[in-house]
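Trainee:
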Amino acid sequence: MSEQVITGANQRKAPWLMFILPSFIGVLLFMAPITVGGEITIPIALMAKAIQNLFEGSLTAIVTTVITLTALCSTLVRLTKPRFIERKPFIANLFKPSLPWYIVQLLGATFAILTFFKVGPAAIFDGNTGGLVLNDLLPVLFAVFLCAGFFLPLLTNFGLLEFFGAMLTKVMRPLFNLPGRSAIDCLASWLADGSVGVLLTSKQYEEGFYTKREAAVIGTTFSAVSITFSLVVIAQVNLEHMFLPFYATVCLAGVVAAIVVPRLPPLSRKRNEYVCGTPADANMDALPDGHTVLSFGLEKAFERANKVTSLRKVVNDGVKAAVDMVFGVLPVVMAIGTLALLIAENTPVFDWLGKPFIPLLELLQIPEAAEASKTIVVGFADMFLPAILATEIQSDLTRFVIAALSVTQLIYMSEIGALLLGSKIPVKAWELFVIFILRTLVTLPVIALMAHLIF
Numbered sequence: 013m014s015e016q017v018i019t020g021a022n023q024r025k026a027p028w029l030m031f032i033l034p035s036f037i038g039v040l041l042f043m044a045p046i047t048v049g050g051e052i053t054i055p056i057a058l059m060a061k062a063i064q065n066l067f068e069g070s071l072t073a074i075v076t077t078v079i080t081l082t083a084l085c086s087t088l089v090r091l092t093k094p095r096f097i098e099r100k101p102f103i104a105n106l107f108k109p110s111l112p113w114y115i116v117q118l119l120g121a122t123f124a125i126l127t128f129f130k131v132g133p134a135a136i137f138d139g140n141t142g143g144l145v146l147n148d149l150l151p152v153l154f155a156v157f158l159c160a161g162f163f164l165p166l167l168t169n170f171g172l173l174e175f176f177g178a179m180l181t182k183v184m185r186p187l188f189n190l191p192g193r194s195a196i197d198c199l200a201s202w203l204a205d206g207s208v209g210v211l212l213t214s215k216q217y218e219e220g221f222y223t224k225r226e227a228a229v230i231g232t233t234f235s236a237v238s239i240t241f242s243l244v245v246i247a248q249v250n251l252e253h254m255f256l257p258f259y260a261t262v263c264l265a266g267v268v269a270a271i272v273v274p275r276l277p278p279l280s281r282k283r284n285e286y287v288c289g290t291p292a293d294a295n296m297d298a299l300p301d302g303h304t305v306l307s308f309g310l311e312k313a314f315e316r317a318n319k320v321t322s323l324r325k326v327v328n329d330g331v332k333a334a335v336d337m338v339f340g341v342l343p344v345v346m347a348i349g350t351l352a353l354l355i356a357e358n359t360p361v362f363d364w365l366g367k368p369f370i371p372l373l374e375l376l377q378i379p380e381a382a383e384a385s386k387t388i389v390v391g392f393a394d395m396f397l398p399a400i401l402a403t404e405i406q407s408d409l410t411r412f413v414i415a416a417l418s419v420t421q422l423i424y425m426s427e428i429g430a431l432l433l434g435s436k437i438p439v440k441a442w443e444l445f446v447i448f449i450l451r452t453l454v455t456l457p458v459i460a461l462m463a464h465l466i467f
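Throughout the sequence shown, residue numbering follows our numbering, covering 13 to 467 in sequence.
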């Protein structure tokens, strides 16, 4: 009898422990803000920084090797068609891409090799194009992917998302028409990096927790720019003393965009069905009879935690997530990021695209409207480019608007855009550009209004 009582007590405690301990560690790693050297960061970002320091001087070579190896393996698989690939879906996913993505892999490898060895056209390996992507961006992404990917199961496998999904549904569903768990994606991006949010969203979509519409909306709307990088942007335009009103403006404009843009095409036309083709359940957010939000959240969290039967399986999931992002996304970022920056640096395309915004900027009474217009669309190539161009503008108000807009535009092809295209999230390149323009049109008036109130 006493053994039965003990066993029953252990069974009651196990779900609590399986839910709380790993989830608590995950929250600490991904969401607990800490101050190091006067900068706000999170433990997972510190771990990524430690990897960068550990392999300092070698990361660029490692990244080049990874990108080249990906293209070589894909070529080998395409030529030899080995049978074992069909029995290994994870490997097939990495090295058996469709023809367009195979071409992107080859292009990424070509750009990486030319940039690493500084051979071929100088425009490719220049410090503002391929050199920026290979030497500055990809080593950071590599380190983030290793750490974030490996520890991601702490957030996804033990019930934390199920718990917050129930607790926050009454906020996220009416405002953004999204499940409550999507708030975690935004918070992870906000405190860590937008790439972490894309990684988390992609994995949740692949596992059937988000519909195609939800994944596309979250990936293009809630992969927010981190606090740390926002500090870098406002410092670039020499307005770091105005960080608090700047970030308040960014948050307000971001919320407005998150409410408006998903209700417009192309996001509004995304199918509300899961990756397997099953349509979304209209009553999926309804509380069962006899449950409160808290009790239902805990029940769903315990159910999820109880599905974890092996630590080895959790570790394998983490390793696969890290490998998938490193081999699957880095070649895409190298190819698309370099192409976008080549266009931005060597053609007047973005200047032409910015001209239609001059009347709008003048209507909003933004000083130096013609100069400001050149910075608006160039943010699609890289988020930092508008801030660099804005340093030549005299008006503090205009530089403030440009900095805030570059952060709220969110989709830039040197990182977030390329990450989205390289992930399983169902968005196309032309859709990203349309969403970028929509976000610009929605957030610009909000930012301009705030700027006039502040200055």
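Virtual Cβ for every residue (Gly too), placed ideally from N, Cα, C.
Small disclaimer: the values here were computed from a predicted structure and weren't measured.
Which value, in whole angstroms, describes the spacing of the CA atoms of residue 364 and residue 103?
Mentor: Approximately 43 Å between the Cα atoms of the pair.
Trainee: Taking the alpha-carbon positions, what's the residue 460 to residue 378 distance?
Mentor: Cα to Cα, the separation comes out at about 7 Å.
Trainee: Could you spell out the range, first to last residue, of the beta strand (DSSP E) harbouring residue 47?
Mentor: Looking at the DSSP string, the run of the beta strand (DSSP E) that includes residue 47 is 46 to 48.
Trainee: Tell whether a beta-carbon distance below 8 Å holds between residue 396 and residue 423.
Mentor: Taking 8 Å as the Cβ cut-off, residue 396 and residue 423 do not qualify as a contacting pair.
Trainee: Give the list of continuous alpha helix (DSSP H) stretches no shorter than 4 residues that lie fully inside the segment 86 to 160.
Mentor: Qualifying alpha helix (DSSP H) stretches, in chain order: 101 to 107, 111 to 129, 134 to 137.
Trainee: Given a threshold of 16 other Cβ atoms within 10 Å of its Cβ, counted over all protein chains shown, does residue 160 qualify as buried or as exposed?
Mentor: Burial call: buried.
Trainee: Using 8 Å for Cβ pairs, my map puts residue 345 next to residue 430. What's the rounded Cβ distance?
Mentor: Correct: roughly 4 Å between the Cβ atoms.
Trainee: According to DSSP, is residue 291 helix, strand or coil?
Mentor: Correct three-state label for residue 291: strand.
Trainee: Residue 47 to residue 56, Cα distance in whole Å?
Mentor: Each residue's Cα considered, the two are about 13 Å apart.
Trainee: Taking the alpha-carbon positions, what's the residue 445 to residue 29 distance?
Mentor: Spanning the two alpha carbons is a distance of roughly 45 Å.
Trainee: Around the C-beta of residue 270, are 16 or more other C-beta atoms found within 10 angstroms, so that it is buried, or is it exposed?
Mentor: Residue 270 is buried by the Cβ-count criterion.
Trainee: What residue from 452, 426, 427 has the CA that sits closest to residue 414's CA?
Mentor: Nearest of 452, 426, 427 to residue 414, Cα basis: 452.
Trainee: Given a cut-off of 8 Å, decide if residue 193 and residue 176 are closer than it, judged by their beta-carbon atoms.
Mentor: Closer than 8 Å, so yes.
Trainee: For residue 174, which of helix, strand or coil comes out of DSSP?
Mentor: The answer is helix: DSSP assigns residue 174 an H, G or I state.
Trainee: Given that a residue counts as buried once 16 or more other Cβ atoms are within 10 Å of its Cβ, and exposed if not, what is residue 467?
Mentor: Residue 467 should be labelled exposed.
Trainee: Between which two residues does the alpha helix (DSSP H) harbouring residue 408 extend?
Mentor: Residue 408 -> alpha helix (DSSP H) spans 408 to 421.
Trainee: My understanding is that residue 225 touches residue 279, with C-beta atoms under 8 Å, so please give their C-beta distance in whole angstroms.
Mentor: Sure, about 7 Å apart at Cβ, within 8 Å.
Trainee: Which same chain residues, not among the five before or five after residue 326, have their C-beta less than 7 Å away from its C-beta?
Mentor: 165, 169, 320.
Trainee: Quick one, which of 454, 441, 402 has its alpha-carbon nearest residue 420's?
Mentor: Of the candidates 454, 441, 402, the one whose C-alpha sits nearest the C-alpha of residue 420 is 454.
Trainee: Label residue 122 either buried or exposed according to how many other C-beta atoms from any shown protein chain fall within 10 Å of its C-beta, with 16 as the threshold for buried.
Mentor: Answer is buried; the Cβ neighbour count reaches 16.
Trainee: State the DSSP-derived secondary structure class of residue 219, mapped to helix, strand or coil.
Mentor: Residue 219: coil per DSSP, three-state reduction.
Trainee: Any beta-carbon of chain C closer than 8 Å to the one on residue 32?
Mentor: You won't find chain C in this structure, because it holds only one protein chain.
Trainee: So, do the segment 283 to 303 and the segment 207 to 225 have three or more beta carbon pairs nearer to each other than 8 Å?
Mentor: The segment 283 to 303 vs the segment 207 to 225: in contact.
Trainee: Looking at residue 178 and residue 42, is the spacing between their C-beta atoms short of 8 Å?
Mentor: Contact flag unset, no.
Trainee: Identify every run of the beta strand (DSSP E) within the segment 336 to 384, keeping only runs that are complete inside it and at least 3 residues long; order them along the chain.
Mentor: The segment 336 to 384 contains no whole beta strand (DSSP E) run of 3 or more residues.
Trainee: Evaluate contact between the segment 147 to 161 and the segment 331 to 348, counting only Cβ atoms and requiring at least three cross-stretch pairs below 8 Å.
Mentor: Judged by Cβ distances under 8 Å, the segment 147 to 161 makes contact with the segment 331 to 348, as three or more pairs qualify.
Trainee: Use the C-beta contact count for residue 383: other C-beta atoms within 10 angstroms, 16 or more gives buried, fewer gives exposed.
Mentor: Buried is the call here.
Trainee: With a Cβ-Cβ cutoff of 8 Å, do residue 248 and residue 416 count as a contact?
Mentor: It is not a contact, given that the beta carbons lie outside the stated cut-off.
Trainee: Rounded to whole angstroms, what's the CA-CA distance from residue 62 to residue 119? Just pull it up for me.
Mentor: Cα to Cα, the separation comes out at about 30 Å.
Trainee: How is residue 29 classed by DSSP in three states: helix, strand or coil?
Mentor: Here residue 29 sits in helix by DSSP.
Trainee: Assuming residue 443 is part of the alpha helix (DSSP H), what are its boundary residues?
Mentor: Here the alpha helix (DSSP H) through residue 443 covers 441 to 466.
Trainee: Count the other CB atoms within 10 Å of the CB of residue 21; is the residue buried (16 or more) or exposed (fewer)?
Mentor: Summary for residue 21: the model assigns pLDDT 40, below 50, so the residue's position carries little reliability; its value from the coordinates is reported in the next sentence. Exposed, by the Cβ-count rule.
Trainee: Taking its Cβ as the centre, do 16 or more other Cβ atoms sit within 10 Å of residue 15, making it buried, or is it exposed?
Mentor: In this prediction, residue 15 has a pLDDT of 41, which is less than 50 and means its spatial position is unreliable; nothing more can be read from the coordinates.
Trainee: Give me the Cα-Cα distance between residue 457 and residue 97, rounded to the nearest whole angstrom.
Mentor: Using only the alpha carbons, I get a separation of about 52 Å.
Trainee: Between residue 234 and residue 246, how many whole angstroms is the CB-CB distance? I'm expecting something under 8 Å.
Mentor: Residue 234 to residue 246, Cβ: 21 Å. No contact.
Trainee: By the three-class DSSP mapping on this structure, what secondary structure does residue 68 have?
Mentor: Reduced to three states, the DSSP call for residue 68 is coil.
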